[in-house]
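Chemist: Going down the list, the protein sequences come from chains A and G. Mapping of the first sequence onto the UniProt record's numbering: residues 1 to 307, in sequence order. Mapping of the second sequence onto the UniProt record's numbering: residues 1 to 547, in sequence order. Glycine included, every Cβ here is placed at the ideal spot set by N, Cα and C. Please see the structure below; I have some questions.
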Amino acid sequence: MLNYVLRRVAIAIPTILLLVVISFVLMYAAPGGPFNSERPLPAQVMANIEARYGLDQPYWKQMTTYIWNVVVHFDFGPSFQYRDRTVNDVIAQGFPVTLTYGFWSFIVALVVGVALGAAAAIRHNSWLDYLAVGISIGAQVLPNFVMAPILVLVFTLWLGWLPGGGWQGGQIEYIILPVIALSTSYMASIARITRSSMLEVLNAGFIRTARAKGLPTSRIIWKHAMKPTMLPVLSYLGPAFVGMITGSVIIDVFFSTGGIGQFFVNSAFNRDYSVIMGITILVGVLTVTFNLVVDLLYAWIDPKIRY
Amino acid sequence: MTLKTHLLAGTAALFALSGAAHAESHAMMEHPETGEKLATDQSFTYRVLDEFPSIDPNLIEDVEGSAIGRQLFEGLMNQDEKGDVVPGVATGYEVSEDGLTYTFTLRDDAKWSNGEPVTANDFVYSWQRAADPATASEYQWYMGLMKIANVDEVIAGDMEPSELGVKAVDDLTFEVTLSQPLPYFPQMVTHTTTFPVPQAAIEEHGDAWTQPGNMVSNGAYVLEDRVPQEYITLAKNPEYWDAENVIIEEVKALIINDENQALTRYLAGEFDQTDVPAGQFPRLAEEHPEQAISVPNLCTYYYNLNVSESGPEALADPKVREALYLAIDRDVIVENVVAGGQKPAYTLTHWATAGFEVPSAEAAQMSQQERNERAKELMSEAGYGTDGEALTLDLLYNTSESHKQVATAIGQMWKQTLGVDISMANMEWQTFLEERHNRNYEVARAGWCADYNEASSFLDIMDTNSSYNDSGFNNETYDSLLTEAKTSEDPLPLYTEAETIITQEFPILPIYHYATVFMMDETIKGYPLENAQDNWYAKDLYRVAGE
């Protein structure tokens with residue numbers, strides 16, 4: 001087990017380095033630059049700015065300096081767009097926000113999704129099944145960029161119950177709408193996967209045996225059916241969790257939460273190279289980490305899997 | 001002293017205190033000049049599109065950042081509700097006879113928020129810092145535009161910042177030497193780049209001096225709180241020299257990227273001001289006539305025609321260019337497409353530019369039917385159009401729903417009137433800028449906003465050497481008119497003449513003159529609706545009590 005973890009970590013390092021190199025190349029291949037604007041700057045002014053940010057160095061040197069600073073000093077450099085902040089500041093400010101609403105969205109999506117899916121499978125072809133399938137299809141076809149404005153229209157403009165945006169340090173009334181908007185489509189996917197997986201499990205031989213033994217249904221579900229049902233759900237949850245905690249630009253844009261998703265997209269439009277790199281690395285590291293966590297959880301759920 | 005008198009004295013003091021407090025709150029109930037009843041809540045909250053790249057005056061590069069800079073800091077001169085120059089930290093200025101030396105006299109009661117006096121040295125430090133290559137401010141170009149002596153050498157690093165043509169004669173006298181006379185120089189010092197910055201705070205905190213707690217400022221407000229991508233809050237500065245006449249106690253900007261979302265939240269009463277999304281002005285003006293506001297904004301929307309060597313052969317013919325110019329039905333664009341109180345543009349310079357008289361472009365006097373007839377004639381004279389050679393033009397714009405709508409409408413007009421086929425292409429902003437600047441296009445969208453309220457701020461862009469002359473327009477008469485205007489006593493006729501050249505040569509096709517279209521709570525008063533640059537000062541605003 002420990003060997004396996006070490007091996008995975010060893011593979012992760014070159015993976016992330018490769019990610020850095022590819023991102024760097026793609027970034028510089030895109031037309032434009034961080035200081036291009038509608039009114040082109042006089043050459044001398046541009047030269048002064050490029051010198052300050054080291055953009056006058058050859059690409060290979062910029063890249064190696066960058067990697068060195070990140071690895072050795074854990075310094076992701078200054079933002080080119082936000083002059084009084086570093087990339088570390090941007091991440092330190094935005095990531096906790098995203099982590100908060102992402103975490104709660106994950107919990108909501110997981111609990112509601114699994115409950116809906118399981119209920120539908122257990123009462124297969126009953127009204128409960130149709131209702132659950134109906135809800136999950138409804139949630140799936142309503143993308144969050146449709147959900148978000150509708151939620152604000154209803155809960156802010158019409159009912160006046162909740163603020164239409166802002167974060168205010170993460171007070172509960174500011175979290176509710178983003179969590180609903182972000183979790184619904186994930187919830188729908190989890191419900192569908194849970195339902196089909198559980199239907200398959202419930203028809204398996206060992207469940208029939210358990211029923212034949214006369215075990216109560218609740219015990220069959222909780223003790224025997226739940227774990228194998230979760231296997232396909234789990235492989236979906238890893239990337240979904242990373243997706244949620246690294247933020248959604250839609251949520252950030254519509255609810256002005258100040259999360260990291262918005263910085264990610266804006267930095268691409270603004271060619272804010274250091275912010276693009278910083279967030280790419282963050283997402284990369286998180287993805288690699290949670291894929292590993294999911295793989296380890298597999299072994300815990302399914303005794304057939306050994307490392 | 002007996003216990004009794006002691007008590008009495010205390011009570012008297014208490015009465016005196018409460019009396020004073022009462023008098024003060026009473027005084028705040030009415031506006032000192034207009035006598036209007038004031039609301040108890042004196043806050044102003046507005047929406048901005050995006051996070052401010054910087055709130056350091058020397059580094060500010062955007063309109064919204066400038067608005068914050070104007071509240072936190074105060075420059076030599078301010079603008080009044082009409083955009084005219086009025087005293088700020090300086091009580092006035094004198095110009096030498098040759099127009100090369102400006103001497104500003106500073107008021108003696110101007111203070112920083114830490115109580116220190118604002119002196120001429122603060123301006124010297126700020127201007128040197130703005131031009132210093134090490135500061136790497138994008139607005140070094142603006143310092144260059146001000147023609148301060150030695151500024152180009154300082155920016156190039158050939159001279160020390162200390163050699164810039166600025167001097168503190170004494171604490172209250174600030175002297176600027178220019179390399180050439182600049183009639184609109186006082187107008188230019190209302191811009192944030194020229195505002196004083198606190199040397200001690202900058203040296204102590206470095207780049208972090210703009211964080212709450214570190215910032216020292218000299219404007220009517222101080223920085224209270226800032227959460228990037230969420231909001232910025234400013235509080236009234238008790239040290240400001242004119243603090244007793246400042247009514248708004250708190251200014252807050254909320255950063256909301258999506259304009260429709262912002263509008264919904266505005267309508268829910270969350271804040272006082274927001275932009276109107278394109279096309280929604282007529283509906284909002286009908287539903288909320290007191291709140292929907294449209295005022296001129298010194299920007300022009302136009303199309304570049306590539307008249308350089310890389311451009312298509314057809315566009316080298318002035319007749320084709322004029323035909324394209326005439327066949328745009330601008331009334332349809334302003335009334336049905338953008339629909340926010342914009343005005344049809346037949347000239348580059350905005351109609352509301354100070355002192356500028358729009359030359360009577362012939363086309364502006366005709367009806368659209370006459371214009372279309374004339375356009376058809378020109379097109380067939382050039383050998384194109386319905387009875388000539390088929391012509392297809394590429395039209396490039398940066399990705400945006402409203403640019404697309406304008407392009408679609410104009411493409412249709414050209415197709416119907418002139419038989420010209422338009423193939424539209426859109427590009428993401430940075431890619432678009434690069435393609436247009438490299439002249440890899442035939443027709444391209446453009447927009448230009450004046451940096452200062454003077455016609456040259458528009459006309460300069462079509463100078464042969466201008467970095468924004470993406471059309472590749474090259475006209476010696478035009479260039480020499482502009483050069484002459486720079487030093488002329490009365491430049492206006494020269495500007496009009498230059499503008500006439502554009503409406504004879506058509507390197508660009510002006511489409512409309514912008515308007516700023518926004519919703520503002522009707523209790524907010526004092527907003528400078530006649531300032532065509534939309535330079536507002538929160539110190540001049542106030543909120544009246546609702547009915």
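Do the stretch 172 to 183 of chain G and the stretch 141 to 150 of chain G meet, that is, are 3 or more Cβ pairs less than 8 Å apart?
Modeler: The answer is yes - the stretch 141 to 150 of chain G touches the stretch 172 to 183 of chain G, with three or more Cβ pairs under 8 Å.
Chemist: Any beta-carbon of chain A closer than 7 Å to the one on residue 467 of chain G?
Modeler: Output row for residue 467 of chain G: interface = yes.
Chemist: Do residue 86 of chain G and residue 80 of chain G count as a contact pair if the criterion is CB distance below 7 Å?
Modeler: yes
Chemist: Between the alpha carbons of residue 247 of chain G and residue 78 of chain G, how many angstroms are there, rounded?
Modeler: 18 Å
Chemist: Please list, in chain order, the chain G residues whose beta carbon lies closer than 7 Å to that of residue 157 of chain A.
Modeler: 264, 267, 268
Chemist: Need the endpoints of the alpha helix (DSSP H) that residue 382 of chain G sits in, please.
Modeler: Membership of residue 382 of chain G in any alpha helix (DSSP H) is not indicated, and neither H nor E is assigned to it by DSSP.
Chemist: Would you verify that the beta carbon of residue 136 of chain G is, or is not, closer than 7 Å to some beta carbon of chain A?
Modeler: yes
Chemist: Can you say whether residue 389 of chain G is buried or exposed, counting buried as having 16 or more other CB atoms within 10 angstroms of its CB?
Modeler: exposed
Chemist: What three-state label does DSSP hand residue 34 of chain G in the structure shown?
Modeler: coil
Chemist: Within the continuous alpha helix (DSSP H) that includes residue 297 of chain A, where are the two ends?
Modeler: 273 to 301
Chemist: Do residue 323 of chain G and residue 395 of chain G have their C-beta atoms closer together than 7 Å?
Modeler: no
Chemist: Between the beta-carbon of residue 51 of chain G and the beta-carbon of residue 229 of chain G, is there less than 7 Å?
Modeler: yes
Chemist: Near residue 129 of chain A, what residues of its chain come up, given a Cβ to Cβ distance below 6 Å and the 5 sequence neighbours on each side ignored?
Modeler: Only 120, 123 meet the Cβ criterion.
Chemist: Given 8 Å as the limit, is there contact between the stretch 488 to 505 of chain G and the stretch 151 to 167 of chain G, that is, 3 or more CB pairs closer than that?
Modeler: no
Chemist: Quick check: the Cα distance between residue 136 of chain G and residue 267 of chain A, rounded to an integer number of angstroms?
Modeler: 20 Å
Chemist: So for residue 223 of chain G, helix, strand or coil by DSSP?
Modeler: strand
Chemist: Enumerate in chain order the residues of its own chain whose CB-to-CB distance from residue 502 of chain G is below 6 Å, with the five nearest sequence positions on each side excluded.
Modeler: 348
Chemist: What is the DSSP secondary structure of residue 537 of chain G, counted as helix, strand or coil?
Modeler: The answer is coil: DSSP assigns residue 537 of chain G none of H, G, I, E or B.
Chemist: Once you ignore the five residues that flank residue 507 of chain G on each side, which residues in its own chain have a CB closer than 7 Å to its CB?
Modeler: 305, 307, 462, 471, 473
Chemist: Smallest Cα separation from residue 499 of chain G: which of G:251, G:467, G:460?
Modeler: G:460
Chemist: By the DSSP assignment, the alpha helix (DSSP H) with residue 177 of chain A in it spans what residues?
Modeler: 172 to 202
Chemist: Per DSSP, which residues does residue 82 of chain A bridge with? Please list them.
Modeler: None; residue 82 of chain A has no bridge partner.
Chemist: Give the C-beta separation of residue 63 of chain G and residue 276 of chain G to the nearest angstrom, bearing in mind that I take them to be a contact with Cβ-Cβ under 8 Å.
Modeler: Not really, about 16 Å apart at Cβ, beyond 8 Å.
Chemist: Hey, how far is the Cα of residue 103 of chain A from the Cα of residue 72 of chain A?
Modeler: 30 Å
Chemist: Quick one: what does DSSP say residue 427 of chain G is sitting in, helix, strand or coil?
Modeler: strand
Chemist: Out of G:234, G:36, G:105, which one is the CA nearest neighbour of residue 615 of chain G?
Modeler: Only positions 1 to 547 of chain G appear in the structure, and residue 615 of chain G is not among them; the question remains open.
Chemist: The ligand ADP heavy atoms versus the CB of residue 158 of chain A: any closer than 6 Å?
Modeler: This structure does not include the ligand ADP; it has no bound ligands of any sort.
Chemist: Below 9 Å between beta carbons is the criterion; list the residues of the stretch 141 to 155 of chain A that meet it against any residue of chain G, in chain order.
Modeler: Cβ proximity to chain G below 9 Å picks out 148, 149, 152, 153 from the stretch 141 to 155 of chain A.
Chemist: State the CB to CB distance for the pair residue 198 of chain A and residue 225 of chain A, rounded to an integer number of angstroms; the pair is presumed to be in contact (CB under 8 Å).
Modeler: 6 Å
Chemist: Report the rounded CA-to-CA distance for residue 218 of chain G versus residue 203 of chain G, giving the unit in angstroms.
Modeler: Annotation: residue 218 of chain G to residue 203 of chain G spans about 17 Å, alpha carbon to alpha carbon.
Chemist: If the criterion is Cβ atoms closer than 7 Å, does the pair residue 192 of chain G and residue 130 of chain G meet it?
Modeler: no
Chemist: List, in order along the chain, the chain G residues whose C-beta lies closer than 8 Å to that of residue 164 of chain A?
Modeler: 261, 264, 265, 268, 270
Chemist: Below 7 Å between beta carbons: does that hold for residue 194 of chain A and residue 114 of chain A?
Modeler: yes
Chemist: Within the same chain, show all residues whose beta-carbon is closer than 8 Å to that of residue 36 of chain A, passing over the 5 residues directly before and after it, in chain order.
Modeler: 271
Chemist: Counting only Cβ-Cβ distances shorter than 8 Å, please list the residues of the stretch 23 to 44 of chain A near chain G, keeping chain order.
Modeler: 30, 31, 32, 33, 35, 36, 37, 38, 39, 40, 41, 42, 44
Chemist: Note down, in chain order, every chain G residue with its Cβ under 7 Å from the Cβ of residue 295 of chain A.
Modeler: Ordered by position in chain G, no residue passes the 7 Å Cβ test against residue 295 of chain A, which lies about 35 Å from the chain.
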